[in-house]
Amino acid sequence: MQPLIERAPEPGGDPTVHLHTGVAGTGSGVAQPPTPWTLIGAAAVGAAVAFGLGVYGRVHQPTGAAVAPLRPDNILDVKSACASVAATLALFQLASALRLYGRFGGGRPAPAWLGPAHRWSGTVAFVVSLPAAYHCLWGLGFQDTTTRVLAHSMLGCAFYGAFAAKLLVLHSRRVPGWALPLLGSALVTLLVAIWFTSAWWYYRL
Numbered sequence: 033m034q035p036l037i038e039r040a041p042e043p044g045g046d047p048t049v050h051l052h053t054g055v056a057g058t059g060s061g062v063a064q065p066p067t068p069w070t071l072i073g074a075a076a077v078g079a080a081v082a083f084g085l086g087v088y089g090r091v092h093q094p095t096g097a098a099v100a101p102l103r104p105d106n107i108l109d110v111k112s113a114c115a116s117v118a119a120t121l122a123l124f125q126l127a128s129a130l131r132l133y134g135r136f137g138g139g140r141p142a143p144a145w146l147g148p149a150h151r152w153s154g155t156v157a158f159v160v161s162l163p164a165a166y167h168c169l170w171g172l173g174f175q176d177t178t179t180r181v182l183a184h185s186m187l188g189c190a191f192y193g194a195f196a197a198k199l200l201v202l203h204s205r206r207v208p209g210w211a212l213p214l215l216g217s218a219l220v221t222l223l224v225a226i227w228f229t230s231a232w233w234y235y236r237l
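With the sequence shown counted from 1, adding 32 to any position gets you the working numbering.
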């Protein structure tokens with residue numbers, strides 16, 4: 033698993049080593065310019081994943097079932113708990129990346145633990161999101177009963193589509209330098225929006 037946003041530099045390291053500049057060396061030593069096709073292909077795959085999840089959630093007959101141990105009698109408890117943890121970790125991903133890249137901190141080097149914590153928080157956020165996705169697709173299905181419910185269903189599908197696209201370009205040196213930060217920011221934004229359209233609404237009831 034990979035972080036939700038691009039791999040951040042180790043504390044004290046050179047951020048430019050970890051950033052995708054869009055120009056990479058090849059075996060022949062000739063630099064290759066960025067090409068839009070890698071990014072376009074990844075975007076197409078991501079869109080297909082999002083669309084496929086939406087179609088499955090729509091045609092699948094919801095079971096209404098929840099998984100233990102998080103209050104199996106109430107499926108919304110499980111979804112809200114998972115969404116809250118995932119969104120919190122996503123925000124940590126954003127803050128830790130900004131700190132590692134020196135966006136704040138007064139020029140002081142980031143603590144040694146922050147790089148590993150950044151990477152692991154992205155992995156855990158994705159894993160924690162899976163039970164919520166299971167409940168949405170298998171237990172509840174793609175719904176459009178209200179504007180909020182429709183937005184939540186669409187955001188959930190978009191999140192996994194964006195995650196698939198990010199994995200495809202993560203190690204590519206043929207994408208523009210802004211591609212990974214943009215995809216990472218989109219993932220954080222989508223997770224927070226998913227939380228607002230599910231857990232935040234549920235806890236306010």
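Ideal placement from N, C-alpha and C gives every residue a C-beta, glycine not left out.
By alpha-carbon distance to A164, the top candidate from L223, G154, G147 is L223. Its chain contains G86, G89, R90, S185 as the residues whose beta carbon lies nearer than 6 Å to that of F174, once the 5 sequence neighbours on both sides are disregarded; these appear in chain order. One thing to note: A144 has its Cβ no nearer than 8 Å to the Cβ of S128. When DSSP states are grouped into helix, strand and coil, H92 belongs to the coil group.
R135 is positioned such that its CB atom lies no closer than 8 Å to that of A142. For F195, the enclosing alpha helix (DSSP H) has its first and last residue at 179–201.
The region 116–127 and the region 215–232 touch, with no fewer than 3 CB-CB distances between them shorter than 8 Å. Membership of S217 in the alpha helix (DSSP H) is indicated by the continuous run 211–228.
Non-local C-beta neighbours of P68 in its own chain, meaning closer than 7 Å and more than five positions away in sequence, are absent.
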